[in-house]
Amino acid sequence: MPERLTRTPRPPSALVLAVAAALGLGVAGRIAVHAGAGLPHGAELAALGRAAVALGAPWLAVAWAVGTLAGSTGRAALSGGAGLALGTFGWYGLSTVTGGPAESYAGIAAAWAVVALAAGAGFGVAGAAYARGGRLARTAALALVSGTLAGEALLLFGEWTGRAGRAALAVELAAAAAVLAFGARRTVPLAAVALAAVVAVGVAGAEDAVRDTLRLTGWQGR
1 MPERLTRTPR PPSALVLAVA AALGLGVAGR IAVHAGAGLP HGAELAALGR AAVALGAPWL
61 AVAWAVGTLA GSTGRAALSG GAGLALGTFG WYGLSTVTGG PAESYAGIAA AWAVVALAAG
121 AGFGVAGAAY ARGGRLARTA ALALVSGTLA GEALLLFGEW TGRAGRAALA VELAAAAAVL
181 AFGARRTVPL AAVALAAVVA VGVAGAEDAV RDTLRLTGWQ GR
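For the sequence shown, the working numbering assigns the number 1 to the initial residue and increments by one for each residue that follows.
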């Protein structure tokens with residue numbers, strides 16, 4: 001009997017991935033901010049949502065995840081960068097619709113979109129390396145996303161003193177550990193932990209500098 005040809009499923013287009021990431025980030029952000037308003041302890045839930053939305057590393061983790069689905073390095077960079085940039089514009093666009101000052105948001109959105117485009121592209125490539133690279137490439141790619149989550153949390157633990165903010169950062173740290181555990185079988189675990197620690201230190205310093213620079217554009221985030 002002739003052998004059956006098996007077709008490899010074609011990965012989604014970069015545009016589809018980018019738009020899906022942008023919509024997901026925008027919707028998740030709005031839900032985080034407004035969910036629980038009518039529930040018991042709604043004020044505490046709203047404060048937790050605002051703290052979660054103020055975090056940047058989860059956005060980068062989304063770009064990384066998109067990169068694992070992209071099918072090629074170029075498509076991963078395009079979809080990761082475009083997804084985060086579109087998500088940034090979408091977030092500030094929705095903020096304007098709900099009563100924010102359009103004039104001040106325009107400059108802030110453009111500045112953050114530039115950062116999102118570059119960072120999203122890099123994390124998209126890392127996600128592609130995790131999906132299709134060798135064991136060492138997967139180890140480095142996993143350490144990047146885990147260390148980024150941990151680095152941001154460690155940086156902001158020194159700045160956020162409120163209970164909601166600290167709770168959001170604790171969840172982010174737990175997510176960093178979960179990422180390492182998730183990829184343990186496909187990586188070199190001890191090397192991933194060591195690399196993640198190095199990345200965390202670097203990310204803490206880099207994000208601190210980025211946040212200070214963005215404040216010059218009028219951004220008043222935490």
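Where is the CB? At the ideal position from N, CA and C, for every residue including glycine. Model, not experiment: these values are computed from the prediction.
| Anticipated Cβ contact below 8 Å, Gly151 with Gly74, distance rounded | Wrong, their Cβ atoms sit about 27 Å apart, outside the cutoff.
| field | Where Leu155 falls, given that 16 or more other Cβ within 10 Å makes a residue buried | value | buried
| request: Identify which residue in Ala209, Asp208, Asp212, Gly120 has its Cα closest to the Cα of Ala65. | output: Gly120
| Quick one: is Ala184 buried, meaning 16 or more other Cβ sit within 10 Å of its Cβ, or exposed? | exposed
| message | For a quick check, are the C-beta atoms of Ala143 and Ala106 less than 7 Å apart? | response | no
| field | CA-to-CA distance, Glu44 to Val16, given in whole angstroms | value | 36 Å
| message | Just to check my reading of the structure: Ala167 and Leu48 have Cβ atoms closer than 8 Å, yes? What is that Cβ distance to the nearest angstrom? | response | 6 Å
| field | Neighbourhood of Leu25 by C-beta distance below 8 Å, restricted to the same chain and skipping five residues each side | value | Trp59, Val62, Gly83, Leu84, Gly87, Gly90, Trp91
| query | Hey, which unbroken runs of the alpha helix (DSSP H) at 4 residues or more fall wholly within the segment 141 to 212? | reply | 163 to 182
| field | Chain-order list of residues whose beta-carbon lies under 6 Å from that of Arg138 (same chain, five-residue window excluded) | value | Tyr130, Arg186, Thr187
| request: Give the secondary structure of Trp59 by DSSP, where H, G and I count as helix, E and B as strand, and everything else as coil. | output: helix
| field | Through-space distance from Val199 to Glu159, alpha-carbon basis | value | 20 Å
| Which of helix, strand or coil DSSP assigns to Leu17 | helix
| query | Does the distance from the CB of Leu180 to the CB of Ala194 come in under 7 Å? | reply | no
| query | Closest by CA to Arg94, which one among Gly80, Gly81, Ala109? | reply | Inspection of the sequence shows that residue 94 is occupied by Leu rather than by Arg. For the residues Gly80, Gly81, Ala109, the minimum Cα distance to Leu94 belongs to Ala109.
| said: Looking at Gly80: is its Cβ nearer than 7 Å to the Cβ of Gly147? | reply: no
| said: Pop quiz: Val210 and Val115 are said to be a contact at Cβ under 8 Å. What is the actual Cβ separation, rounded to whole angstroms? | reply: 6 Å
| So is Gly227 buried or exposed if we call it buried at 16+ other beta carbons inside 10 Å? | One cannot answer for residue 227 here, as it falls past the ends of the chain, which runs 1 to 222.
| said: Pop quiz: Ala70 and Ala21 are said to be a contact at Cβ under 8 Å. What is the actual Cβ separation, rounded to whole angstroms? | reply: Not quite, the Cβ-Cβ distance comes to about 11 Å (not below 8 Å), so this is no contact.
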